[in-house]
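> Sharing a structure, written as structure tokens. Questions coming.
There are 2 protein chains.
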Amino acid sequence: MLNKIYTALIHYPVLGRDGRIITTAVTNLDIHDIARSSRTYNIKKYYVVTHLPAQQDIVRRVLGYWTEGFGKTYNPSRSDALSIVELMPYIEDVLEEIERTEGQKPLIMFTSAKRRPNTVTFQQGREIILTTQKPVLLLFGTGWGMPKELENMCDYSLEPIRAQSEFNHLSVRAAVAIVLDRLIGESV
Amino acid sequence: MLNKIYTALIHYPVLGRDGRIITTAVTNLDIHDIARSSRTYNIKKYYVVTHLPAQQDIVRRVLGYWTEGFGKTYNPSRSDALSIVELMPYIEDVLEEIERTEGQKPLIMFTSAKRRPNTVTFQQGREIILTTQKPVLLLFGTGWGMPKELENMCDYSLEPIRAQSEFNHLSVRAAVAIVLDRLIGESV
């Protein structure tokens with residue numbers, strides 16, 4: 001059910017450098033790049049999740065500029081991409097919103113650059129997405145990744161990209177692009 | 001020959017919005033994100049190609065900060081990623097440098113978001129990369145893409161990502177990540 005896939009970028013709760021829970025700052029290019037990738041792979045909504053009012057203001061200003069302000073006429077395709085972005089304070093709000101829209105809870109997929117037990121392969125993830133009748137939510141973390149409490153909320157946890165490489169430090173923007181491509185590819 | 005793959009990000013000559021040749025500005029995150037993706041996929045060098053002295057200064061400052069300055073101790077894996085970045089004024093300098101290092105000219109692959117005649121599929125591109133004895137250079141454009149004169153220098157031109165989607169406006173950072181993943185994937 002490719003028209004029911006959602007992405008979310010989590011700014012809280014995420015792990016800091018020392019493993020403690022932190023809130024990360026929103027980055028302009030995380031909004032743009034992940035919106036463009038999500039839109040290109042036919043994602044229904046891309047949720048930017050942050051509970052801090054000052055950070056929410058930044059997101060609103062970026063979206064306002066490109067979907068209503070000067071940016072809309074200057075670059076209509078950018079406006080189109082950003083039209084699928086929605087600001088949410090907490091992951092729980094995302095889940096409620098999807099359930100309200102779709103009439104059922106989404107399957108949630110966790111992503112991480114670290115090897116973990118009980119992951120599904122991208123091939124398995126792809127089959128789940130292509131065959132399920134449920135909506136699917138793909139979770140992406142910022143900072144040093146998402147904590148165990150978020151993983152425990154998820155139905156599936158995807159294997160890492162390039163896990164056997166001696167170096168795997170992709171940006172979240174690159175990771176989202178690759179995950180969407182591996183799960184959806186050229187399907188429309 | 002996976003240890004002989006090179007990437008290059010071209011800032012001149014590229015197309016502007018109106019189809020004329022322009023020089024684009026270097027973006028900090030293009031340096032970082034594409035370095036991290038290149039390093040994760042075991043790319044030998046990532047060339048940032050710009051002939052403008054002021055733009056070259058920006059690249060040098062970013063690289064200096066992260067590979068010699070404070071950034072090196074603050075984030076060693078970022079320093080590692082940026083250690084494969086090299087600044088070059090023109091594409092011709094890139095070709096000379098690769099020939100000098102490898103003892104032979106590279107196969108050059110062109111990339112674009114637009115459908116063009118005589119493209120190779122990603123599967124074909126993958127087979128070429130995995131079987132050739134030659135070094136391979138993957139070219140990525142900024143702005144509104146690379147002009148015909150650059151395509152004519154190339155041995156192969158890769159098909160676009162998501163060409164049949166009604167919307168395909170990936171950032172160059174996302175496009176590089178997906179192209180590397182499709183060509184190299186989990187190969188080491």
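If you're matching them up, the sequences are chains A and B in order.
77 is the number that our numbering gives to position 77 of the first sequence; each next residue is one higher, with no gaps.
79 is the number that our numbering gives to position 79 of the second sequence; each next residue is one higher, with no gaps.
Cβ atoms here follow ideal geometry from the backbone N, Cα and C, with glycine treated the same way.
Computed from a prediction, not measured in an experiment: that's the story for all the values here.
Using a 10 Å radius around the Cβ and a threshold of 16 neighbouring Cβ atoms, would you call D18 (chain B) buried or exposed?
Exposed is the call here.
> In angstroms, rounded to a whole number, what distance separates the CA positions of I108 (chain B) and I184 (chain A)?
If I take the Cα positions, the gap works out to 28 Å.
> Say whether chain B places a C-beta atom closer than 9 Å to the C-beta of S157 (chain A).
no
> Output, in chain order, the set of chain A residues within a Cβ distance shorter than 9 Å of Q56 (chain B).
Neighbours of Q56 (chain B) on chain A: none; closest Cβ ~22 Å, over 9 Å.
> Is it true that the CB of I129 (chain A) sits closer than 9 Å to the CB of L2 (chain A)?
yes
> Return the chain-ordered list of same chain residues with a C-beta closer than 7 Å to the C-beta of Q56 (chain A), the five sequence neighbours on each side being excluded.
T50, L87
> Using a Cβ-Cβ cut-off of less than 9 Å, give me the residues of the stretch 167 to 181 of chain B that come near chain A, in sequence order.
F167, N168, H169, L170, S171, R173, A174, A175, V176, A177, I178, L180, D181
> Report the three-state DSSP secondary structure of L150 (chain B) (helix, strand or coil).
helix
> Evaluate contact between the stretch 125 to 142 of chain B and the stretch 92 to 108 of chain B, counting only Cβ atoms and requiring at least three cross-stretch pairs below 8 Å.
Output reads yes: the stretch 92 to 108 of chain B touches the stretch 125 to 142 of chain B.
> When you compare the CB positions of I189 (chain B) and Y41 (chain B), do they come within less than 9 Å of one another, or not?
The question about residue 189 (chain B) has no answer here: the residues shown for chain B are numbered 1 through 188.
> Tell me the DSSP secondary structure of Y41 (chain A) in three-state form.
coil
> What does N42 (chain B) reach in chain A if we use C-beta pairs closer than 7 Å?
S165
> Nearest by alpha-carbon distance to A113 (chain A): which of A:R182, A:E68, A:T7, A:W144 is it?
A:W144
> For S112 (chain A) and chain D, any beta-carbon pair shorter than 9 Å?
Annotation note: the requested chain D is absent from the structure, which comprises protein chains A and B.
> So for V48 (chain B), helix, strand or coil by DSSP?
strand
> Have a look at T132 (chain B) and R182 (chain B) and give me their C-alpha separation to the nearest angstrom.
17 Å
> Is L170 (chain A) helix, strand or coil by DSSP?
In the structure shown, L170 (chain A) adopts coil according to DSSP, grouped into three states.
> Should I31 (chain A) be labelled buried (16 or more other beta-carbon atoms within 10 Å of its own) or exposed?
buried
> Do the CB positions of D33 (chain B) and A174 (chain A) come within less than 9 Å of each other?
yes
> Which first and last residues belong to the alpha helix (DSSP H) in which G143 (chain B) is found?
Looking at the DSSP string, G143 (chain B) is not in any alpha helix (DSSP H), and its letter there is neither H nor E.
> Between the beta-carbon of L15 (chain A) and the beta-carbon of G141 (chain A), is there less than 9 Å?
yes
> Given a limit of 9 Å on CB to CB distance, which residues of the stretch 19 to 41 of chain B reach chain A?
Residues T27, L29, H32, D33, I34, R36, S37, R39, T40, Y41.
> If you compare alpha carbons, which of A:S83, A:K72, A:P13, A:S79 is closest to K44 (chain A)?
A:S83
> Using a C-beta cutoff of 9 Å, does E186 (chain B) count as contacting chain A?
yes
> Counting only Cβ-Cβ distances shorter than 8 Å, please list the residues of the stretch 63 to 89 of chain A near chain B, keeping chain order.
S77, R78, D80, A81
> Indicate whether H169 (chain A) and S77 (chain B) have their beta-carbon atoms separated by less than 9 Å.
yes
> Hey, quick one: how far does the beta strand (DSSP E) through T131 (chain B) stretch, first residue to last?
Per DSSP, T131 (chain B) belongs to no beta strand (DSSP E); it is in the alpha helix (DSSP H), 122 to 131.
> Excluding five sequence neighbours on each side, which residues of the same chain lie with their C-beta closer than 7 Å to the C-beta of R162 (chain A)?
So the list reads N168, once near-sequence residues are dropped.
> Using 9 Å as the limit for Cβ to Cβ distance, is R162 (chain B) near chain A?
Interface residue, yes.
> In whole angstroms, what is the alpha-carbon distance linking N28 (chain B) and V59 (chain B)?
8 Å
> Going by DSSP, which residues form a beta bridge with V14 (chain A)?
DSSP output for V14 (chain A) lists A:I22 as bridge partner(s).
> Starting from V85 (chain A), follow its DSSP beta bridges and name the residues at the other end.
A:Y46
> Is it buried or exposed for V188 (chain A), if we count other Cβ within 10 angstroms and need 16 for buried?
Exposed: under 16 other Cβ atoms inside 10 Å.
> Give the straight-line distance between the Cα atoms of S165 (chain A) and E186 (chain B), rounded to the nearest whole angstrom.
8 Å
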